[in-house]
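Enquirer: Supplied in structure tokens, the structure appears directly below.
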Amino acid sequence: MTGQKPIIAFLYDFDKTLCTTDMQDYAFIPSLGMTPAEFWAEANGFGGQNRMDGILAYMYIMLREAERKKLPFTREDLVEKGRRIELFPGVESWFSRINAFGEAQGVRVEHYVISSGLREIIEGSSISHEFKEIYASEFYYDETGRPVWPKLAVNFTAKTQFVYRINKGVLDVSDDKTLNDSMPDDSKRIPFPNMIYMGDGLSDVPCMKMMRAYGGQAIAVYQGANRSGVEELLAKKRVDFIFPADYREGRALEETVKNIIRKMAVADRLWEENLRQLRHLGEDVLPDQVELFSNL
Numbered sequence: 008m009t010g011q012k013p014i015i016a017f018l019y020d021f022d023k024t025l026c027t028t029d030m031q032d033y034a035f036i037p038s039l040g041m042t043p044a045e046f047w048a049e050a051n052g053f054g055g056q057n058r059m060d061g062i063l064a065y066m067y068i069m070l071r072e073a074e075r076k077k078l079p080f081t082r083e084d085l086v087e088k089g090r091r092i093e094l095f096p097g098v099e100s101w102f103s104r105i106n107a108f109g110e111a112q113g114v115r116v117e118h119y120v121i122s123s124g125l126r127e128i129i130e131g132s133s134i135s136h137e138f139k140e141i142y143a144s145e146f147y148y149d150e151t152g153r154p155v156w157p158k159l160a161v162n163f164t165a166k167t168q169f170v171y172r173i174n175k176g177v178l179d180v181s182d183d184k185t186l187n188d189s190m191p192d193d194s195k196r197i198p199f200p201n202m203i204y205m206g207d208g209l210s211d212v213p214c215m216k217m218m219r220a221y222g223g224q225a226i227a228v229y230q231g232a233n234r235s236g237v238e239e240l241l242a243k244k245r246v247d248f249i250f251p252a253d254y255r256e257g258r259a260l261e262e263t264v265k266n267i268i269r270k271m272a273v274a275d276r277l278w279e280e281n282l283r284q285l286r287h288l289g290e291d292v293l294p295d296q297v298e299l300f301s302n303l
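Heads up: the sequence shown begins at 8 in the working numbering, then just goes up one per residue.
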């Protein structure tokens, strides 16, 4: 990406990372007349009994229970339910603040979601417009607007494919050919060392380990209930940092993220200087040396 402003990508889980609980819990599950505990016990039990992927299991139970109770289930209805999502403190202003800081450091910041939740519900949230792309589970709807099939199911290990898509700039999930084409590291749109993954727990471990293995950064956020689990991620070196899920200005999470952006921006400038010098190999002297020697 020589000659262009370097890009730093933030990759977020959504549930319990940006919002306070599973996104289905706010409005969809109560509309079924069920508690979150009842719904997830049913979905997990159904998945286990049928040796079924957990994401596909919960999507099926959503369809089944809505049909049993004769409730409306359309894309528009799910988007509307997303308006009930509760975000952690500071999340709504987080993106503009981080974007502005990146700009001041000479880099462009982009934000992506990689979630096992539902894209439709995320689209109803107040921050959906902040993301360059939302990778999340999604239904296919027929001509009447009825969901008839899972369009995309994003389980925990499948999340890693979307990291590669962001790395290469191949964002269309139907384009597997370009994704699998060989591409030199220096032509990839966003290098792994320019990525920051933010999650909250075990479901994020594959992406977190991938970040650390390839030179990116991994951050886990926590609420009181899951602090011990997140501390274990840090102890086992699956993440670089852990913080309370507090995105407000001046808090510890923001300050460390700013330091990471500074580090990435400097690393990019050093890489560009190295490339500039390599391009001049074979010439008698480097351009700066010509001016230096002319004054002797």
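The beta carbon of each residue, even a glycine, is placed where N, CA and C say it ideally should be.
Given a threshold of 16 other Cβ atoms within 10 Å of its Cβ, counted over all protein chains shown, does V2 qualify as buried or as exposed?
Expert: Residue 2 cannot be examined here, being either before or after the span of the chain that is shown, 8 to 303.
Enquirer: By the 10 Å Cβ neighbour count, where 16 or more other Cβ atoms means buried, how is V120 classified, buried or exposed?
Expert: Mapped onto the sequence shown, residue 120 falls at position 113. Burial call: buried.
Enquirer: Could you name the residues of the same chain whose beta carbon sits closer than 8 angstroms to that of W156, not counting the 5 residues immediately before and after it, in chain order?
Expert: Looking up residue 156 in the sequence shown gives position 149. F146, Y147.
Enquirer: Where I129 and A64 are concerned, what is the direct C-alpha to C-alpha distance, given to the nearest angstrom?
Expert: Start at 1 with the first residue of the sequence shown, and residue 129 comes out as number 122. Start at 1 with the first residue of the sequence shown, and residue 64 comes out as number 57. Looking at the two C-alpha atoms, the distance is approximately 19 angstroms.
Enquirer: On the DSSP letters alone, give me the boundaries of the beta strand (DSSP E) that G11 sits inside.
Expert: Here residue 11 refers to the residue found at position 4 of the sequence shown. Reading the sequence as shown, one finds Gln at residue 11 and not Gly. Note, Q11: premise wrong, no beta strand (DSSP E); not H, not E.
Enquirer: How would you write the range of the alpha helix (DSSP H) that L209 sits in, first residue to last?
Expert: Locating residue 209 in the sequence shown gives position 202, counting from the first residue. L209 -> no alpha helix (DSSP H), and no H or E assigned at all.
Enquirer: What are the uninterrupted segments assigned as alpha helix (DSSP H) that are 4 or more residues long and contained completely in the stretch 159 to 198, given in chain order?
Expert: Counting whole runs of 4 or more residues, the stretch 159 to 198 contains the alpha helix (DSSP H) stretches 166 to 175, 183 to 187.
Enquirer: From L78 to D193, what does the alpha carbon distance come to, in whole angstroms?
Expert: The sequence position of residue 78 within the sequence shown is 71, counting from 1. The sequence position of residue 193 within the sequence shown is 186, counting from 1. C-alpha separation (whole angstroms): 51 angstroms.
Enquirer: Determine the direct distance from the alpha carbon of N162 to that of M59, and round the result to whole angstroms.
Expert: As a first step, residue 59 must be located in the sequence shown, where it is residue number 52. As a first step, residue 162 must be located in the sequence shown, where it is residue number 155. Computed Cα separation, rounded: 12 angstroms.
Enquirer: Beta-carbon within less than 6 angstroms of D149's beta-carbon, same chain only, minus the 5 sequence neighbours each way: which residues are those?
Expert: Residue mapping note: residue 149 aligns to position 142 of the sequence shown, counting from 1. Taken in chain order, the residues that qualify are V155.
Enquirer: Helix, strand or coil for E93? Go by DSSP, reduced to three states.
Expert: Here residue 93 refers to the residue found at position 86 when the sequence shown is read from its first residue. Coil, per DSSP.
Enquirer: Please state whether the Cβ-Cβ distance between M215 and Y229 is less than 9 angstroms.
Expert: Residue mapping note: residue 215 aligns to position 208 of the sequence shown, counting from 1. Residue mapping note: residue 229 aligns to position 222 of the sequence shown, counting from 1. Not in contact: M215 and Y229 (Cβ atoms no closer than 9 angstroms).
Enquirer: Measuring only the C-alpha atoms, how far is L217 from T167?
Expert: Walking along the sequence shown from the start, residue 217 turns up at place 210. Walking along the sequence shown from the start, residue 167 turns up at place 160. Residue identity differs from the one stated: residue 217 is Met in this sequence, not Leu. If you take the alpha carbons of M217 and T167, they lie about 8 angstroms apart.
Enquirer: Go ahead and label T9 buried or exposed: buried means 16 or more other beta carbons lie within 10 angstroms of its beta carbon, across all protein chains shown.
Expert: Taking the sequence shown and counting its residues from 1, one reaches residue 9 at position 2. Since pLDDT at T9 reaches only 48, below the 50 mark, its modelled position is unreliable, and no value is offered.
Enquirer: DSSP has Q230 in a bridge; who is on the other side?
Expert: Here residue 230 is taken as the residue at index 223 of the sequence shown, counted from 1. DSSP, once it has assigned bridges, lists no residue as partnering Q230.
Enquirer: Over the uninterrupted alpha helix (DSSP H) stretch that includes R82, give me the two end residues.
Expert: Locating residue 82 in the sequence shown gives position 75, where the first residue counts as 1. First-last of the alpha helix (DSSP H) with R82: 82 to 88.
Enquirer: What's the gap between the Cα of A227 and the Cα of E137?
Expert: Your numbering for residue 227 matches position 220 in the sequence shown. Your numbering for residue 137 matches position 130 in the sequence shown. Looking at the two C-alpha atoms, the distance is approximately 20 angstroms.
Enquirer: Can you give, in chain order, each stretch of the alpha helix (DSSP H) that sits fully within the stretch 233 to 268 and has at least 4 residues?
Expert: Whole alpha helix (DSSP H) segments, 4+ residues: 234 to 242.
Enquirer: Among residues of its own chain, excluding the 5 on either side of I268, which ones have a beta-carbon nearer than 8 angstroms to its beta-carbon?
Expert: In the sequence shown, counting from the first residue as 1, residue 268 sits at position 261. Here the set comprises I15, I105, F108, G109, Q112, V114, V116.
Enquirer: Assess contact between the stretch 89 to 104 and the stretch 245 to 262, defined as three or more Cβ pairs (one per stretch) separated by less than 8 angstroms. Is contact present?
Expert: Result yes; three or more Cβ-Cβ pairs closer than 8 angstroms.
Enquirer: Less than 7 angstroms between C-beta atoms, sequence neighbours within five positions excluded: which residues of the same chain meet that for K158?
Expert: Working through the sequence shown from its first residue, we reach residue 158 at position 151. Counting only Cβ-Cβ distances below 7 angstroms, and skipping sequence neighbours, we find E145, F146, Y147.
Enquirer: Rounded to whole angstroms, what is the Cα-Cα separation between T24 and R258?
Expert: Numbered from 1 along the sequence shown, position 17 holds the residue referred to as residue 24. Numbered from 1 along the sequence shown, position 251 holds the residue referred to as residue 258. Looking at the two C-alpha atoms, the distance is approximately 16 angstroms.
Enquirer: Look at the alpha carbon of E279 and the alpha carbon of M271, and state the distance between them as a whole number of angstroms.
Expert: Along the sequence shown, one-based indexing puts residue 279 at 272. Along the sequence shown, one-based indexing puts residue 271 at 264. Approximately 12 angstroms, taken between the alpha carbons.
Enquirer: Leaving out the 5 sequence neighbours to the left and right, which residues in its chain are closer than 6 angstroms to Q11 when beta-carbon positions are compared?
Expert: Stepping through the sequence shown from its first residue, residue 11 is reached at position 4. Nothing listed; no residue qualifies.
Enquirer: Please tell me whether I36 and F21 are closer than 9 angstroms, where the distance is taken between their beta carbons.
Expert: Locating residue 36 in the sequence shown gives position 29, where the first residue counts as 1. Locating residue 21 in the sequence shown gives position 14, where the first residue counts as 1. The answer is no: Cβ separation not under 9 angstroms.
Enquirer: Given a cut-off of 9 angstroms, decide if S135 and I141 are closer than it, judged by their beta-carbon atoms.
Expert: Here residue 141 refers to the residue found at position 134 when the sequence shown is read from its first residue. Here residue 135 refers to the residue found at position 128 when the sequence shown is read from its first residue. Against a cut-off of 9 angstroms, the Cβ pair of S135 and I141 comes out as a contact.
Enquirer: Is L125 helix, strand or coil by DSSP?
Expert: In the sequence shown, counting from the first residue as 1, residue 125 sits at position 118. L125 falls in the strand class under three-state DSSP.
Enquirer: Per DSSP, what kind of secondary structure is I141 in: helix, strand or coil?
Expert: In the sequence shown, residue 141 corresponds to position 134, counting from 1. DSSP places I141 in strand when its eight states are reduced to three.
Enquirer: To the nearest angstrom, report how far apart S100 and N266 are at their CA atoms.
Expert: Position 93 of the sequence shown, counting from 1, holds the residue named residue 100. Position 259 of the sequence shown, counting from 1, holds the residue named residue 266. For S100 and N266, the distance between alpha carbons rounds to 19 angstroms.
Enquirer: Looking only at its chain, what residues have a beta carbon closer than 8 angstroms to the beta carbon of G54, apart from the 5 residues adjacent to it on each side?
Expert: One-based indexing of the sequence shown puts residue 54 at position 47. Contacts found: D60, G61, L63, A64, Y65.
Enquirer: Which of helix, strand or coil does DSSP assign to A34?
Expert: Against the sequence shown, residue 34 aligns to sequence position 27. It is coil, neither helix nor strand.
Enquirer: First and last residue of the alpha helix (DSSP H) that includes F102?
Expert: Counting from 1 along the sequence shown, the entry for residue 102 is found at position 95. Counting along the chain, the alpha helix (DSSP H) containing F102 begins and ends at 98 to 111.
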